[in-house]
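Residue numbers (my numbering): 179 to 384. Even glycine gets a Cβ: it sits at the ideal position worked out from N, Cα and C. Nothing here was measured: the structure is a model prediction, and the numbers come from that model.
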Amino acid sequence: FLNNRQKLTEWFKDRDPFRPEIQELLDIGVFLPLHQKDALNRQVVIVRTAAHDPDKHKQDDVFKVDKMVLDLLMYLDETVSIHGVVAIFDMQGVTLGHALQLTPSMIKKSVESWENYPCKPKLLEFVNVPVHVNIVLNVFRSFMSPKMRERVTISRKGSSLEQSITLPLELGGNGESYYELSEHWKQTVQDNASFYSKMEENVFHL
């Protein structure tokens with residue numbers, strides 16, 4: 179896990195929440211943990227794969243912000259590492275530009291990072307998936323372990339979790355909107371700016 183972070187400096191260094199590129203992605207809300215856990219006490223997170231502008235935002239910065247929020251989540255709630263994570267990838271509005279950012283090498287890094295994280299992905303649910311995105315998802319699956327591949331589900335419509343948890347408004351639920359969740363997590367990340375500087379010190383200045 180530590181070696182993985184030391185290799186991926188583009189995701190785990192320079193994580194000051196007040197850097198302009200990070201502020202923009204926090205405003206957009208690319209990675210949004212829900213306040214409610216699922217029936218198995220697993221943390222549910224929404225990954226908004228098409229929320230950013232691929233002509234303006236680097237995919238590495240998107241992944242950096244994803245990891246920033248996830249790291250803080252594990253720090254604030256140790257049960258996340260015990261029970262794992264359910265990730266809902268909302269692909270509403272995904273374009274060719276988004277797909278082109280996800281090169282095979284980028285996808286490979288992303289999958290390896292997920293598999294090396296202390297909080298294990300228990301379900302990876304891709305929703306609102308356009309037909310043309312299946313090619314990219316097949317590349318993702320090709321880099322996954324057999325165990326992780328078994329945890330992937332794909333739907334052209336909404337989430338299978340809608341009956342068991344309160345989903346955000348944009349996913350057909352009655353929960354907080356993406357905007358409200360984005361505001362909450364942006365403020366939480368900013369309030370914990372020292373957490374990132376201390377973590378970077380521990381990882382890169384041993």
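query	result
Candidates M246, N306, E256, A371, of which the one nearest R183 by Cα	M246
C-alpha distance - V314 paired with S259, whole-angstrom precision	28 Å
Q341 versus R327: straight-line alpha-carbon distance, rounded	24 Å
Any 3 or more C-beta pairs closer than 8 Å across the segment 189-199 and the segment 315-322	no
Rounded C-alpha distance that separates Q368 from P211	16 Å
Cβ neighbour criterion (16 or more within 10 Å) applied to T227	buried
For R319, the first and last residue of its enclosing alpha helix (DSSP H)	312-321
CB contact flag (T344, E303, <8 Å)	no
C-beta contact flag for D268 and N306 at 8 Å	yes
Residues near P232 by beta carbon distance below 8 Å, same chain, minus five either side	T273, G275, H276, L278, Q279
Own chain, CB closer than 7 Å to F321, minus 5 neighbours either side, in chain order	I285, K286, V289
For L359 and S337, the rounded distance between their alpha carbons	18 Å
Simplified DSSP assignment, three categories, for D268	strand
Residues bridged to T331 (per DSSP)	E303
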